[in-house]
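In UniProt numbering, the protein residues as written are 1 to 279.
Note that beta-carbon positions come from the ideal geometry of N, C-alpha and C, so glycine has one too.
Note that this is a predicted model, so its numbers are computed, not measured.
What follows is a short report on a single structure.
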Amino acid sequence: MTKEQLKSKIAWGVAIFFACIMLVLTLTPFFFMIMNSFRKQFDMLQQGVFHLPHPWYFDNYINVVKNGFFGYFLRSVIVVGISLALMLIISAFAAYPLSRMNFKLNPLIYATIVAMMSVPMHVTLIPIFKLTTAIGFYDSLKALIGPYVAFALPMSVFILTAFMKTIPKEVEESAEIDGCNRFQNFFKIILPLSKSGLSTLAIYNGVSMWNEFAFANTLLITPAKKTLPLALGQFKGEHSLDIPIILAVLTLSVLPMIILFIVFQDKLVKGMMAGAVKG
1 MTKEQLKSKI AWGVAIFFAC IMLVLTLTPF FFMIMNSFRK QFDMLQQGVF
51 HLPHPWYFDN YINVVKNGFF GYFLRSVIVV GISLALMLII SAFAAYPLSR
101 MNFKLNPLIY ATIVAMMSVP MHVTLIPIFK LTTAIGFYDS LKALIGPYVA
151 FALPMSVFIL TAFMKTIPKE VEESAEIDGC NRFQNFFKII LPLSKSGLST
201 LAIYNGVSMW NEFAFANTLL ITPAKKTLPL ALGQFKGEHS LDIPIILAVL
251 TLSVLPMIIL FIVFQDKLVK GMMAGAVKG
């Protein structure tokens, strides 16, 4: 074994070691959250959180479902689904001219979009509250869609513009020779080649929107209109807190995102690697 091969093996060993540590540190809270969600509060407080459930107590999940969990879930799906669709459509239409066309205002528009990434979300809570109240969207799911799309757009346009710049212009030129116009180039050439980038943006922004609390807590008042991040407040008692039930709500809340990552992990990794290598 050469010296270079030995160094390479040592480097891989160190990387795998730290990766395993990170994996354990990441999964441990999820493990105890799931395990304790199947216990009674009395057993958990008496035995501690490090014991496995015995027997398994499923009533926590039954109570969560009976108390309207799927209503919160469905409302979150509606808001996130519509917001993601609008964000991806607008991002694609904005990134295409910024990446493929040369016009005078291109640098200024691009710089403005990049600058918007630095605006803190919480600074806009009061103005957005006043705006949604003025236009009659307050305390409705429509109130969340605008802010979610607006705050996802700068980063999405920035990433998608960089991604589209890596697509060779010769591909478009060949299509134009065959008779394609700008719209056909966009829909038949650029969009299909940008699928991995769009998938990455959808997953990244979808997770952020799914877990978003500040706007939902500010713009929604009626319990029947609240989304999943606000469900925790509805499952706690007035003078007590049933921790296993809260853990059951958290488990059901993160489950869709875990499934999403498992199903689309290949596209996510490909999109991130493509952006890293090509960018």
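Nonlocal neighbours in the same chain, by C-beta distance under 7 Å from phenylalanine 264, ignoring five residues either side = Leaving aside the five residues that flank phenylalanine 264 on each side, the residues in its chain whose CB is nearer than 7 Å to its CB run, in chain order, Ser199, Ile203.
Is it true that the stretch 214-227 meets the stretch 68-83, where meeting means three or more beta-carbon pairs spaced less than 8 Å apart?
-> Of all C-beta pairs linking the stretch 214-227 to the stretch 68-83, three or more are shorter than 8 Å, placing the two stretches in contact.
For threonine 132, which three-state DSSP category applies?
-> DSSP places threonine 132 in helix when its eight states are reduced to three.
Length at least 4, wholly inside the stretch 129-191: the alpha helix (DSSP H) runs in chain order | Listed in chain order, they are 142-165, 169-177, 182-185.
My guess is that leucine 86 and glycine 206 are in contact by the Cβ rule of under 8 Å, so how many angstroms apart are they, rounded?
-> Not a contact, Cβ separation roughly 13 Å.
Return the residue from the list Asp59, Met33, Ile89, Leu201 that minimises the CA-CA distance to glycine 48.
-> The shortest C-alpha separation from glycine 48 is found at Met33.
Among Phe215, Lys169, Asp178, Met209, the one whose alpha carbon lies nearest that of leucine 193 = If we check each option's Cα against that of leucine 193, Lys169 comes out closest.
Less than 8 Å separating the beta-carbons of alanine 214 and leucine 125?
-> Yes, these two residues count as a Cβ contact at 8 Å.
Provide the residue span of the alpha helix (DSSP H) that contains methionine 35, from first to last.
-> Per DSSP, the continuous alpha helix (DSSP H) segment holding methionine 35 begins and ends at 3-36.
Isoleucine 246 by DSSP, collapsed to three states: which one?
-> Helix, per DSSP.
Helix, strand or coil: how does DSSP classify leucine 105 here?
-> In this structure, leucine 105 counts as coil in the three-state DSSP scheme.
Measure the CB-CB distance between phenylalanine 38 and tyrosine 57 and report whether it falls below 8 Å.
-> Yes, the Cβ-Cβ distance between phenylalanine 38 and tyrosine 57 is below 8 Å.
Grouping DSSP H, G and I as helix and E and B as strand, with all else coil, what is valine 263?
-> In the structure shown, valine 263 sits in a helix (DSSP, three-state: H, G or I).
Could you spell out where the alpha helix (DSSP H) holding tryptophan 210 opens and where it closes?
-> From DSSP, the alpha helix (DSSP H) with tryptophan 210 extends over 195-211.
Using DSSP with H/G/I as helix, E/B as strand and the rest coil, what is phenylalanine 73?
-> Helix, per DSSP.
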